[in-house]
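FYI, the working numbering numbers position 114 of the sequence shown as 114, with every residue one higher than the one before it. Note that the Cβ used here is the ideal one computed from N, Cα and C, for glycine as well. Written below as structure tokens is the structure these notes are about.
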Amino acid sequence: MSIRIISSIAVPEGDGVIVRRLMPVAGLRNFDPFVLWDHFDIAGGGFPDHPHRGFEAITYLFDGGMKHADNLGNRGTIHAGGAQAFTAGRGIVHSEFPDDHAHGIQLWINLPQRLKSIDPNYRQVEADSIPESCEDGVTIRTIVGEGGAISLRSVVEYMEIRMAAGSALQRDIPTGFRGFIYAVEGEAMLDGKALACGDAAFAEDAPAIRLESSAGARLMWCFGKPHHEPIYQHGPFVD
Numbered sequence: 001m002s003i004r005i006i007s008s009i010a011v012p013e014g015d016g017v018i019v020r021r022l023m024p025v026a027g028l029r030n031f032d033p034f035v036l037w038d039h040f041d042i043a044g045g046g047f048p049d050h051p052h053r054g055f056e057a058i059t060y061l062f063d064g065g066m067k068h069a070d071n072l073g074n075r076g077t078i079h080a081g082g083a084q085a086f087t088a089g090r091g092i093v094h095s096e097f098p099d100d101h102a103h104g105i106q107l108w109i110n111l112p113q114r115l116k117s118i119d120p121n122y123r124q125v126e127a128d129s130i131p132e133s134c135e136d137g138v139t140i141r142t143i144v145g146e147g148g149a150i151s152l153r154s155v156v157e158y159m160e161i162r163m164a165a166g167s168a169l170q171r172d173i174p175t176g177f178r179g180f181i182y183a184v185e186g187e188a189m190l191d192g193k194a195l196a197c198g199d200a201a202f203a204e205d206a207p208a209i210r211l212e213s214s215a216g217a218r219l220m221w222c223f224g225k226p227h228h229e230p231i232y233q234h235g236p237f238v239d
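Structure follows, in structure tokens:
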């Protein structure tokens with residue numbers, strides 16, 4: 001089992017926006033099947049019309065609201081606890097702007113080569129459509145995965161995990177999956193390794209992971225089955 005801790009870094013993006021980026025950055029271009037991870041907290045600026053192709057994306061909100069518009073005619077706004085997703089496929093042009101304020105994560109997931117040219121589409125879900133379970137001080141919201149609110153063309157588990165002070169969680173990782181746990185708020189211990197806000201613990205060949213938090217934490221669980229194909233990313237395009 002291999003676990004390594006990597007910290008996100010602040011980078012400019014869009015129109016006057018600063019995000020905490022985990023990937024792609026120097027030293028971590030991608031982590032098959034995951035291509036981009038941006039943690040944003042913005043009250044101005046945004047992301048004017050820009051094109052994409054070759055991947056799927058999810059924007060998940062912790063607080064505030066995010067407005068979406070695209071060249072397919074879709075218009076929508078999600079709010080805290082909700083998510084919007086698009087399949088870029090052969091090509092889509094969209095924009096995203098905060099509705100006063102937006103705090104959340106944008107994740108890109110690569111499409112396998114055989115699906116790079118599928119039709120683009122968009123979908124969104126509000127907070128009450130995302131399944132939530134609570135046990136022993138741990139709340140899990142399943143965005144993608146078994147029983148999750150959003151379906152993707154790749155096999156992925158994507159969840160928000162909120163841990164109360166003094167709680168612990170032991171969770172199995174499906175065979176053949178790889179991925180990471182990202183700390184949004186608070187601190188946690190992962191198999192003896194400290195995970196602070198803005199850090200991610202990348203896991204490979206791990207059958208299970210144990211999380212503990214003495215003071216409480218908000219974490220994102222992001223694991224998936226790799227495509228085992230080359231990833232060629234050119235800005236907004238993943239070919």
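Here Tyr60 is buried: its Cβ has 16 or more other Cβ atoms, across all protein chains shown, within 10 Å. As a beta-bridge residue in DSSP terms, Lys67 pairs with Thr77 and Phe97. Annotation: the continuous beta strand (DSSP E) that includes Ala217 extends over Ala217 to Gly224.
Secondary structure of Ala203 (DSSP, three-state): strand.
Fully enclosed alpha helix (DSSP H) runs of no fewer than 4 residues are not present anywhere in the region 169-197. Excluding residues up to 5 positions away in sequence, Asp172 and Ile173 lie with their Cβ nearer than 7 Å to the Cβ of Pro207 in the same chain. The DSSP-derived three-state label of Ala26 is coil.
Counting only unbroken stretches of 3 or more residues, the beta strand (DSSP E) elements lying wholly within the region 74-159 are 75-79, 83-87, 92-110, 121-125, 132-135 and 138-144, in sequence order. Under the DSSP assignment, Asp41 falls in the beta strand (DSSP E) whose first and last residues are Phe34 to Ile42. Relative to Leu107, the option among Pro226, Met220 and His228 whose CA is nearest is Met220. Beta-carbon to beta-carbon, Thr77 and Gly89 are separated by about 23 Å, too far to satisfy the 8 Å threshold. Distance between Ser154 and Met189, taken at the CA atoms: about 29 Å.
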